[in-house]
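Here the structure comes first, spelled out in structure tokens, and everything after it is commentary.
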Amino acid sequence: MELIRNMVISIIGFGNQGSAQALNLRDGGFRVLIGNIEDEYAKRARDLGFTVHSIPEAVKLGNVIVMAIPDEVQPEVWVKDIQPNLSPGKIVIFLSGYNVFYGFIKPPRDVDVIMVAPRMIGEGVRENFLNNKGFPVLIGVSNDYSGKAWDYALAYSKAIGAIGRPGGVAVESSFEEETITDLFSEHTWAGAFLFLLAEGYNVLIENGVSPEAAMFELWASGELVAITKAIAEKGLFAQLRGHSTTSQYGHLTWGPHYVTDEVKRLMREAIRQIKNGEFAREWALEKMLGYPVFNRLWDEVMKSRAWQDEDRLYKLLGRRK
4 MELIRNMVIS IIGFGNQGSA QALNLRDGGF RVLIGNIEDE YAKRARDLGF TVHSIPEAVK
64 LGNVIVMAIP DEVQPEVWVK DIQPNLSPGK IVIFLSGYNV FYGFIKPPRD VDVIMVAPRM
124 IGEGVRENFL NNKGFPVLIG VSNDYSGKAW DYALAYSKAI GAIGRPGGVA VESSFEEETI
184 TDLFSEHTWA GAFLFLLAEG YNVLIENGVS PEAAMFELWA SGELVAITKA IAEKGLFAQL
244 RGHSTTSQYG HLTWGPHYVT DEVKRLMREA IRQIKNGEFA REWALEKMLG YPVFNRLWDE
304 VMKSRAWQDE DRLYKLLGRR K
């Protein structure tokens with residue numbers, strides 16, 4: 004951590020991960036500035052006491068440049084604002100392997116190119132830091148110009164609170180591995196989980212269950228948080244021992260029925276499209292066209308019964324305005 008103690012760390016972007024890491028770094032006594040366009044994120048950063056510069060200026064001022072803007076906008080910002088302002092010896096840290104792995108960003112050879120990828124959302128990064136807990140990160144090096152890139156990766160991991168605290172671990176990985184595993188989760192179990200719950204809600208409603216009872220049973224009560232916490236702490240199946248025997252039997256008898264041959268085929272198709280770049284090209288085209296499919300899919304979700312009923316309940320509970 005002391006390796007970067009006297010360096011200026013420029014966080015490019017102040018969204019989910021950028022804001023969490025900037026706050027953690029500042030609390031740890033590091034010199035942090037924000038690079039951002041003039042928008043609501045820049046305003047929030049200033050409201051929290053950070054100095055905000057244009058992205059080109061932040062790159063010039065920083066010794067460490069942290070790429071915390073969304074994957075799909077990084078290539079354009081890189082070409083326009085970042086690469087022209089890099090000087091030899093700077094350290095560029097990516098929070099995911101996406102753009103370097105797919106070749107959308109090609110950093111120069113005279114900078115260190117590092118990946119420090121937290122395995123949780125920004126809210127968790129901040130919450131763990133405040134509770135003196137660590138968290139897992141995948142670290143990788145694409146270019147070791149200084150000969151110290153791996154040391155810098157560990158130093159930054161410690162600076163944001165990932166390691167050096169209970170529960171923290173840095174796993175040596177690569178830009179390729181991080182990209183494949185991250186996208187695979189999003190394209191398989193994580194997406195399926197949301198739509199499975201929504202369909203389960205529909206089935207319960209069809210069978211006379213009230214919207215409130217169905218929603219609290221499936222996701223609104225917070226029980227899912229306790230289950231996922233138990234999975235993380237005890238293990239995927241070991242946590243079942245904390246359920247009733249009736250629950251255990253139901254899990255073990257019915258669970259396998261949903262992992263059909265078609266599901267297995269879809270999972271393998273998902274990873275094929277991730278590895279060969281098909282998904283990355285699709286997502287890049289989607290951005291170029293103005294996100295028509297993305298916006299249509301969101302419209303469909305927001306018109307669904309699960310969303311509409313949830314909106315009413317969450318407003319009553321004060322969880323949503």
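Its first residue numbered 4, the sequence shown is counted upward by one per residue in this note's numbering.
Each residue gets a CB set at the ideal place from its N, CA and C atoms; glycine is no exception.
Quick one: Cα of PHE53 to Cα of VAL11, how far? 13 Å
Report yes if the CB atom of ASN146 is closer than 8 Å to the CB atom of ARG168, and no otherwise. no
For SER160, is the classification buried or exposed, using 16 other Cβ atoms within 10 angstroms of its Cβ as the cut-off for buried? Buried, because 16 or more other Cβ atoms sit within 10 Å of the Cβ of SER160.
Would DSSP call LEU36 helix, strand or coil? strand
Counted within 10 angstroms of its Cβ, other Cβ atoms place ASN279 as buried (16 or more) or exposed: Exposed: under 16 other Cβ atoms inside 10 Å.
ILE142 versus ASN88: straight-line alpha-carbon distance, rounded: 25 Å
Under 8 Å, do VAL140 and ALA162 count as touching if we go by C-beta distance? no
Give a yes or no on whether the C-beta atoms belonging to VAL55 and ALA45 are separated by under 8 Å. Contact flag set, yes.
Can you tell me which of VAL212, GLU180, LYS93 puts its alpha carbon nearest to the alpha carbon of ALA152? Looking only at VAL212, GLU180, LYS93, the smallest Cα-Cα distance to ALA152 is reached by LYS93.
Return yes when at least one heavy atom of the ligand ZN lies under 7 Å from the C-beta of LYS83, else no. This structure simply doesn't include the ligand ZN, nor any ligand for that matter.
Nonlocal neighbours in the same chain, by C-beta distance under 8 Å from ILE124, ignoring five residues either side: By the criterion of a C-beta distance shorter than 8 Å, ILE124 is surrounded in its chain by ASN19, GLN20, once the five residues flanking it on both sides are discounted.
Measure the CB-CB distance between PHE187 and VAL103 and report whether it falls below 8 Å. no
Report, in whole angstroms, the separation of the C-beta atoms of TYR155 and ILE117, which I expect to be a contact under 8 Å. 6 Å
Excluding the 5 residues preceding and the 5 following PHE138 in the sequence, name in chain order all residues of the same chain whose CB lies nearer than 8 Å to its CB. PRO121, ARG122, MET123, GLY127, VAL128, ASN131, GLY164, ALA165, GLY170, GLY171
Can you tell me which of the three DSSP states ASN298 falls into? Residue state, collapsed to three classes: helix.
Identify the continuous beta strand (DSSP E) that holds ARG121 and give its terminal residues. It should be noted that the sequence gives Pro, not Arg, for residue 121. Its beta strand (DSSP E) spans residues 115-121.
Can you give me the C-alpha to C-alpha distance between THR249 and ALA229, rounded to a whole angstrom? So the alpha carbons of these two residues sit roughly 18 Å apart.
Hey, would you say ILE15 sits closer than 8 Å to ILE108, going by beta carbons? Judged by their CB atoms, ILE15 and ILE108 are not nearer to each other than the 8 Å cut-off.
Taking its Cβ as the centre, do 16 or more other Cβ atoms sit within 10 Å of ALA277, making it buried, or is it exposed? According to the sequence displayed, residue 277 carries Ile and not Ala. Counting of Cβ neighbours within 10 angstroms places ILE277 among the buried residues, the total reaching 16 or more.
Does DSSP put HIS56 in a helix, in a strand, or in coil? strand
With a CB to CB cut of under 7 Å and the five nearest residues on each side skipped, what residues in its chain are close to ILE207? Here residue 207 is Leu; the residue named in the question, Ile, does not match the sequence. Excluding positions up to five away in sequence, the list reads ALA217.
To the nearest angstrom, report how far apart PRO214 and LEU300 are at their CA atoms. Just so you know, the alpha carbons of PRO214 and LEU300 end up roughly 23 Å apart.
So, at 7 Å on beta carbons, what are the nonlocal neighbours of ASP185 in its own chain, with the 5 sequence-adjacent residues on each side left out? Taking C-beta separations shorter than 7 Å and ignoring five residues to either side along the sequence, the partners of ASP185 in its chain run SER99, following chain order.
Please identify the residue among PHE17, ALA173, LYS63, ASP50 whose C-alpha is closest to the C-alpha of ILE37. PHE17
With 16 other Cβ atoms within 10 Å as the buried cut-off, status of PRO91: exposed
Apply the 10 Å Cβ neighbour rule to SER224 and answer buried if 16 or more other Cβ atoms are within range, or exposed otherwise. exposed
Presumed contact (8 Å Cβ cut-off) between ASN205 and ARG308, rounded CB distance: 6 Å
Compare the C-alpha of ASP115 against each of ILE96, GLY106, VAL76, LEU133 and name the closest. ILE96
Helix, strand or coil: which one does DSSP assign to ILE12? strand
GLU175 by DSSP, collapsed to three states: which one? strand
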